[in-house]
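Per full-length UniProt numbering, residue 1 is the first one in the sequence shown, and the count goes up by one each step.
A virtual CB, placed ideally from N, CA and C, is assigned to each residue, including glycine.
All values reported here derive from a predicted model rather than from experimental measurement.
Notes follow the structure.
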Amino acid sequence: MGGTVGERWDVVVVGSVNADLVVGVGRRPAPGETVLGSDLAVHPGGKGANQAVAAARLGGRTGIVGRVGDDGHGALL
């Protein structure tokens with residue numbers, strides 16, 4: 001959060017923070033079918049992180065409490 005002691009928040013979210021791995025496909029697969037994907041993209045995500053972003057975009061002074069790993073995806077977050 002990077003806040004200071006005594007700082008006031010409108011919203012503090014306690015929740016998941018993770019990396020969303022998104023792969024593009026040419027079409028939706030049929031049930032049970034496998035299709036090849038391309039263009040892997042990695043985005044910050046997670047239910048808690050998404051809720052915190054939404055609250056901040058609505059103008060709330062927003063903080064988040066979450067835990068991330070000590071790896072490449074954790075560095076992204």
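Between the alpha carbons of G59 and A41 lies a distance of about 28 Å. Taken atom to atom, the span from the alpha-carbon of G72 to that of V14 is near 22 Å.
The segment 38-74 is shown to contain whole beta strand (DSSP E) runs of 3 or more residues at 38-45, 62-65, in chain order. One thing to note: L77 has its Cβ no nearer than 8 Å to the Cβ of A30. Proximity to V12 across A75, D70, G69, A56 peaks at A56, based on C-alpha coordinates.
Boundaries of the beta strand (DSSP E) around D20: 18-24.
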